[in-house]
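Structure record follows, encoded as structure tokens.
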Amino acid sequence: MRRFAGACRFVFNRALALQNENHEAGNKFVSYTKMASWLIEWKSHPDTQWLKDTPSQPLQQSLKDLERGYKNFFQKRAAFPRFKKRGQNDARKA
Numbered sequence: 001m002r003r004f005a006g007a008c009r010f011v012f013n014r015a016l017a018l019q020n021e022n023h024e025a026g027n028k029f030v031s032y033t034k035m036a037s038w039l040i041e042w043k044s045h046p047d048t049q050w051l052k053d054t055p056s057q058p059l060q061q062s063l064k065d066l067e068r069g070y071k072n073f074f075q076k077r078a079a080f081p082r083f084k085k086r087g088q089n090d091a092r093k094a
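The opening residue of the sequence shown carries number 1 in the UniProt record's numbering; numbering runs sequentially from there.
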């Protein structure tokens, strides 16, 4: 369970970092479909093959959560998405 939560947190944080880089470069927000293609790449990369041990659905949900966070931010309903750390919400995600 903790491993799944850690994988979800890793995917969320990595996608957020890439979104931030993209935003700083002056590009538009990357949609969920593009982020999902990143997930496929990460699962096949030798450094992050451990993501294959986690079911895809929680990882995909982490990306959807990030997309929702960005949309809420741009619609002035929430603060800018922040990086996630270990904590109380981990068990809920997995």
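Built from N, CA and C at the ideal position, the CB exists for glycine as well.
Quiz item: Cα-Cα, which of MET1, LEU39, GLY6 is closest to LEU18?
Solution: Looking only at MET1, LEU39, GLY6, the smallest Cα-Cα distance to LEU18 is reached by LEU39.
Quiz item: Out of curiosity, what's the CA-to-CA distance linking GLN49 and PHE83?
Solution: Looking at the two C-alpha atoms, the distance is approximately 22 Å.
Practice problem: Output yes if chain B places a C-beta closer than 8 Å to the C-beta of LYS64; else output no. | Solution: In the structure shown, chain B cannot be found, because there is only a single protein chain.
Self-check item: Counted within 10 angstroms of its Cβ, other Cβ atoms place MET1 as buried (16 or more) or exposed
Solution: That one is exposed.
Quiz item: Do you know offhand how far THR54's Cα is from GLN60's?
Solution: Distance from the CA of THR54 to the CA of GLN60, rounded to the nearest whole angstrom, comes to 11 Å.
Self-check item: Residue from ALA15, PRO46, LYS52 whose Cα sits closest to the Cα of LYS34
Solution: Ranking the options by Cα distance to LYS34, first place goes to ALA15.
Self-check item: LYS85 versus ASP47 - alpha carbon distance
Solution: Between the C-alpha atoms of LYS85 and ASP47 there is a straight-line separation of about 21 Å.
Practice problem: Please name the residue, chosen from GLN75, ASN22, SER56, that lies closest to PHE4 on a Cα-to-Cα basis. | Solution: When only C-alpha atoms are compared, the closest one is SER56.
Practice problem: Please report the Cβ distance between TYR70 and PHE12, rounded to the nearest whole angstrom; I am assuming they are in contact, meaning their Cβ atoms lie under 8 Å. | Solution: Between TYR70 and PHE12 the beta-carbon gap is near 12 Å, outside 8 Å, which marks them as no contact.
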